[in-house]
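Have a look at the structure below, then the notes.
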Amino acid sequence: MEEKPTSPETVSEKGGMSRRRFIKYAAIGAVAAAGVGAGAYYLLSGDLLRQRQAPLQWWGVGTGNPELWSGLGDEVVFTEAPWDPVPVLNKMRTDGKDQYDVISNAGTLDDPLFADGSIVDFDPEAVLPSWNKIYPELRTNNPTITVASTGQIVGVPIVQNGDSVALLLDEIWGPGTTQPGQGGDTYGLLFDNQWAGKTSIESGWGTAIYKVGNYLARNNLATLSSLDTYSAADLSTIKDFMLAEKAAGQFRVFWSGWNTAVSLLANKEVVAMDTWEPVVFALKSQGINAYYMDPKEGFSLWNIPLYLTPRGQNVTRDRSLRLMEWTLQGWYGARITTIRGYLTATPDAISYAQANPNAEGGPYDAAFIQARHDKVKGKFSDQVSVYGNQSPPNIQQYQDTWTQVTA
Amino acid sequence: MTLWKILVAFFVLYILMPPLLLVSISFEPSGFVRPLTGFTFHWYDVMLRTRGLMDALFKSIILAVLTMVITTFLALNAALGYRKTRFKTIVIAIMILPIFLPGLIQGFSLSIVLGQFLGMQRSIWTELAGHVLWALPFAFLVILTSMSVVRRETVLAALDLGANEWRAFKDIEYPIIKPGITSAAIFSFVLSFNEFSRTYYLQGIGPTIPTYVWNKITVAITPEIFALSALTVIISLSLIAVATVYLTMVGRVAEEVTKQETPKGLRILRRREKASTGSALVGNQ
Amino acid sequence: MDATKTSGPFDRLAEYFADHPRHLFYLQILPPLLFVVFFVFVPLASIFAWSFWSVQGNRLIPGFSTNAYAEFLGVGYPTWRAEIFLKTLRIAVSQTLIALVVGFAIAYFVGIKLRGSKYALPLLLLFAVPFLTSYLLRTLSWHVVLQTQGIINSALMALGLIKVPITWLIFSEFAVHIGLLSTYLPFMIFPIWLAMSRIDSNVLAASADLGGTPKDTLFRVVIPLTLPGMLIGSIFVFVGVLGDSVVPQILGGPTDGSGTLIANLIDKAVSGQQYPLAAAIASIILLTAIGLILGWERVFGLKKIGEI
């Protein structure tokens with residue numbers, strides 16, 4: 001071993017050097033121990049030791065939080081899927097078929113998904129015991145679970161709602177207002193000069209564009225060829241209208257994302273915003289006087305059905321079908337309706353809440369759930385609300401229109 | 001000098017504002033993005049119970065470690081090879097080319113090439129490729145910089161004395177460029193941990209932290225992700241504080257000892273200190 | 001001790017390479033190069049190709065058509081996309097200049113004024129802390145500061161400096177710049193600091209000894225020597241802004257059109273299955289970037305980076 005030459009530096013550093021080395025080794029030791037500990041914890045709490053089966057893979061639009069699910073008796077990994085149809089179709093077409101067991105995406109995607117072979121016909125009526133308990137208006141004549149060309153039913157309708165506008169009652173009609181006042185029942189509020197610079201529209205066209213179309217058509221401000229699938233001319237009309245409003249400074253921002261939506265209203269950046277109903281739920285739970293509009297022009301309807309993939313059919317059939325059955329039952333329905341206000345598939349949600357008001361994730365109020373179910377069913381049958389097509393044939397034109405509107 | 005300090009302090013605050021705000025939001029009871037209206041640890045509790053989040057964290061760390069090791073190794077070799085070649089311009093141009101590609105372009109083109117034309121499934125290996133690609137130019141430049149401190153004559157002297165290339169590297173160069181290699185490794189880790197656009201298009205079955213956040217943030221209220229971010233901020237700030245205190249302590253010890261030297265030795269020591277700490281990535285190593 | 005005595009497992013390998021230096025060279029340089037070439041050039045070429053193809057039924061079909069470029073540049077089509085491209089370029093350039101000035105100042109402080117100080121490294125590390133947090137969340141958190149009831153407005157109103165909150169702090173180009181700077185400033189600081197740390201203290205001392213004021217030293221010694229670092233930092237920032245789709249979405253707004261920049265257009269084109277359009281936009285961006293490299297080579301010579 002070479003002798004270190006004696007020099008001022010090494011003499012003065014000798015004490016510091018060994019202390020430094022000690023601390024370095026101690027730090028490395030600590031990190032290594034932490035790493036081993038974390039790895040062990042992860043393995044011990046993970047799939048390897050818990051069960052020999054791999055968990056079910058559910059890819060869907062956010063209604064899930066599996067660690068809070070009760071009574072399923074199986075392990076599910078829920079991965080968030082985008083709302084946009086194109087990434088969904090592409091992913092399923094490539095590796096999604098073999099990665100996921102069940103998927104739940106925007107309704108009306110069933111036709112392209114089925115055509116691609118990304119989902120299968122598993123005859124839900126025959127294999128799901130709770131199928132016939134589903135509200136009739138949801139399981140019959142429902143284009144979002146029926147393949148148009150053959151009439152096969154390939155999906156299970158699990159959540160649905162109709163979207164409109166969230167309002168801050170205090171800001172618009174004065175503190176302490178409990179019901180919307182004048183002008184509070186029309187989409188026109190979003191375009192009202194009085195609130196210029198204090199309204200917001202979503203930056204994605206999914207539900208927003210159909211609200212605008214309904215507004216224009218039903219107030220005779222424009223003629224549209226169809227209310228659920230727009231032609232190029234319709235899109236042009238809508239675009240011109242929106243661009244004019246934008247140029248006049250009507251919109252504060254085009255929002256995207258849950259956190260932005262909630263924050264805009266919670267911080268009073270805007271007073272009226274086209275968005276999803278759970279935003280209002282979240283605001284009210286924090287004591288903010290928010291209200292979800294009942295527009296006379298009708299709601300923008302959507303639903304999210306559950307579909308079975310080839311992997312679900314061939315590899316995990318029993319477990320996947322059991323998962324589907326479970327979403328039709330009481331706990332899931334009660335929980336979703338309670339936290340989001342959506343309509344779930346069967347009235348089991350109501351009877352479950354009545355029997356188990358303090359079940360996990362509760363408390364559950366049966367009367368509230370009943371009221372929500374009735375209300376949303378009303379939206380679907382009110383003759384003015386529109387079920388917008390999520391994958392229209394001219395989707396690129398939709399995309400172009402809305403991109404230009406929100407640019 | 002005070003003006004400088006104020007200026008820099010302002011910008012340090014500016015840069016740290018978002019992370020500090022994340023810490024604030026993580027304690028906000030409503031979970032909304034707004035100034036604190038209360039205080040709660042609730043979201044930290046949810047974070048620990050959220051399986052998906054912990055999985056994503058684990059995956060992010062694994063990817064980052066792999067990226068760190070592979071990128072540093074590749075960058076080191078590239079830098080060593082670069083010095084020997086005559087075609088320096090071409091090599092440099094190729095090595096820094098990825099910097100010129102915006103992440104989303106890189107990601108979506110690569111995903112289509114791998115998917116539609118090579119039929120390769122997206123997986124952790126495709127993500128790893130994306131991350132290494134992203135970190136490689138940075139690591140390469142950092143190591144190259146630290147190598148420029150090594151004087152050619154020193155290496156030649158070692159070779160003349162009979163050392164083979166490996167020994168020359170290990171005993172002469174490596175100790176000098178070690179700070180550079182460490183920095184490159186840290187850079188690679190951090191860049192990979194936070195990488196989003198490429199990963200988004202290249203991801204296999206499980207999300208990393210950035211893609212997990214992206215997925216959740218569009219449709220769901222999930223303040224637990226703020227808790228996770230806040231935790232990383234608190235941990236890294238604490239580590240920096242500890243390192244500063246440690247360096248202060250070491251410095252003080254060195255000062256104590258040198259004070260016992262003669263005034264001449266003291267002057268020499270100070271001058272050497274200034275010269276050496278000024279020209280390489282600092283380490284009191 | 002005799003340095004020729006071999007010991008350790010690598011020395012036999014070292015002997016082999018001592019006899020075949022070319023092999024070592026290829027082994028060292030080829031893997032990284034090939035990696036980059038495959039993963040960068042192949043996608044680049046593909047993008048150029050696809051920009052001329054068309055889409056049918058969700059698939060890219062080979063062909064030749066300049067339709068996508070026309071649509072993007074507004075030739076025979078509305079020009080709004082081209083306008084967004086120009087706007088993005090403008091924002092990228094101004095952002096780069098701002099980052100350059102601020103980043104240089106900070107790097108100068110840390111690299112020159114704080115030279116030898118034990119606070120230099122921790123200070124630098126502080127600038128790296130944000131990188132461990134999610135980019136999305138970081139950008140979102142600016143809302144707390146900039147919004148109508150945010151920190152800045154509340155402070156100004158509490159101090160009595162304004163009566164009505166300032167609305168253009170958020171959802172405007174101002175907010176976009178604030179967001180971009182907070183993200184890309186570290187990218188500018190690190191390369192410049194790297195370059196500065198290379199400057200030998202003796203050189204600085206010599207400049208002072210020869211009668212130069214600090215300002216002289218700055219302009220005639222420090223800046224020329226850190227030029228490569230400044231250039232690299234500028235590239236990081238410029239390309240970063242061109243590829244950024246998050247900040248405009250979260251902090252931009254419709255009033256001055258800052259809510260959609262070129263990266264958002266690519267995103268939306270991909271979401272709408274308009275792959276040739278996305279490829280065309282990407283190609284134009286890449287051409288801009290390549291133009292930068294060539295310009296750099298012409299003016300400064302790329303080799304200088306190696307001497308950062």
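Protein chains in written order, with the numbering used here: chain Z, 1 to 407; chain A, 1 to 285; chain X, 1 to 308.
The beta-carbon is built from N, C-alpha and C at its ideal position, and this holds for glycine as well.
Tell me whether residue i is buried or exposed, calling it buried when 16 or more other Cβ atoms sit within 10 Å of its Cβ.
i	result
Z:R50	Per-residue confidence for Z:R50 stands at a pLDDT of 44, beneath the threshold of 50, marking its modelled position as unreliable; the derived number appears in the next sentence. Classification of Z:R50: exposed, given that the 10 Å Cβ count is below 16.
X:W226	Note on residue identity: the sequence assigns Thr, not Trp, to residue 226 of chain X. Buried, because 16 or more other Cβ atoms sit within 10 Å of the Cβ of X:T226.
Z:F22	exposed
Z:A148	exposed
Z:M273	buried
Z:L48	With a pLDDT of 44 at Z:L48, under the threshold of 50, the modelled position of this residue cannot be trusted, and the question is left open.
A:H131	buried
Z:Q179	exposed
X:F219	exposed
Z:G287	exposed
Z:P357	exposed
A:N194	buried
X:Q147	buried
A:R167	buried
Using a Cβ-Cβ cutoff of less than 6 Å, which residues in the same chain neighbour residue i once the five nearest sequence positions on both sides are dropped?
i	result
A:Y14	none
A:R252	none
X:M1	Confidence is the limiting factor: at X:M1 the pLDDT is only 44, short of 50, which leaves the residue's position unreliable and the question unanswerable from this model.
Z:A232	Q397
A:F11	none
Z:L169	T177, N289, Y291
Relative to the alpha-carbon of residue i, which residue among the options has its alpha-carbon at the smallest distance?
i	options	result
X:I61	X:Y69, X:F52, X:I284	X:F52
Z:A106	Z:R93, Z:D98, Z:V88, Z:T346	Z:V88
X:W50	X:L204, X:N67, X:T288, X:Y16	X:N67
X:A278	X:F48, X:R12, X:Q249, X:D19	X:F48
X:G253	Z:G197, Z:D240, Z:V386, Z:L227	Z:G197
A:L110	A:T126, A:I99, A:L97	A:T126
Z:T108	Z:T229, Z:L72, Z:Q399, Z:D318	Z:T229
Z:R311	Z:G183, Z:R93, Z:G249	Z:R93
Given residue i, which residues of its chain have a CB within under 8 Å of its CB, disregarding the five upstream and five downstream residues?
i	result
A:T211	A56, F196, T199, Y200, Q203
A:T37	E28, P29, S30
Z:R218	K296, E297, G298, V384
A:I176	S146, V149, V150, A280
Taking 7 Å as the cut-off, decide whether the C-beta atoms of residue i and residue j are in contact.
i	j	result
Z:G206	Z:W83	yes
Z:L264	Z:S200	yes
X:G229	X:L194	yes
X:V75	A:I94	no
X:P122	A:T244	yes
X:V129	X:V176	no
Z:L224	Z:D240	no
X:L192	X:A107	Checking the displayed sequence, the identity of residue 192 of chain X turns out to be Ile instead of Leu. Cβ distance < 7 Å, so X:I192 and X:A107 count as in contact.
A:I105	X:A282	yes
Z:G257	A:T218	yes
Z:V271	Z:E171	yes
What residues in its chain sit with their C-beta under 7 Å from that of residue i, if we drop five residues either side in the sequence?
i	result
Z:Q329	S130, D348
X:I162	L156
X:L24	F17
A:T154	I172
Z:L308	V102, I119, V120, F122, S320
X:S172	G253, T255, D256, S258
Indicate whether the contact test is met: 3 or more Cβ pairs, each with one atom in the region 258 to 274 of chain X and one in the region 75 to 92 of chain X, closer than 8 Å. yes
Determine, using beta-carbon pairs with one atom in the region 112 to 129 of chain Z and one in the region 162 to 171 of chain Z, whether at least three such pairs fall under 8 Å. no
Between the region 228 to 238 of chain A and the region 133 to 142 of chain X, do at least 3 Cβ pairs fall closer than 8 Å? yes
Please confirm if the region 357 to 372 of chain Z is in contact with the region 327 to 340 of chain Z, defined as three or more CB-CB distances below 8 Å between the two stretches. When Cβ pairs closer than 8 Å are counted between the two stretches, the region 357 to 372 of chain Z is seen to touch the region 327 to 340 of chain Z, the count reaching three or more.
Can you find at least 3 beta carbon pairs, one from the region 287 to 297 of chain X and one from the region 264 to 279 of chain X, that sit closer than 8 Å? no
Would you call the region 172 to 188 of chain X and the region 226 to 242 of chain X in contact, with 3 or more CB pairs under 8 Å? yes
Looking at C-beta atoms only, is the number of pairs between the region 125 to 141 of chain A and the region 23 to 40 of chain X that lie closer than 8 Å three or more? Flag = yes, the region 125 to 141 of chain A and the region 23 to 40 of chain X touch.
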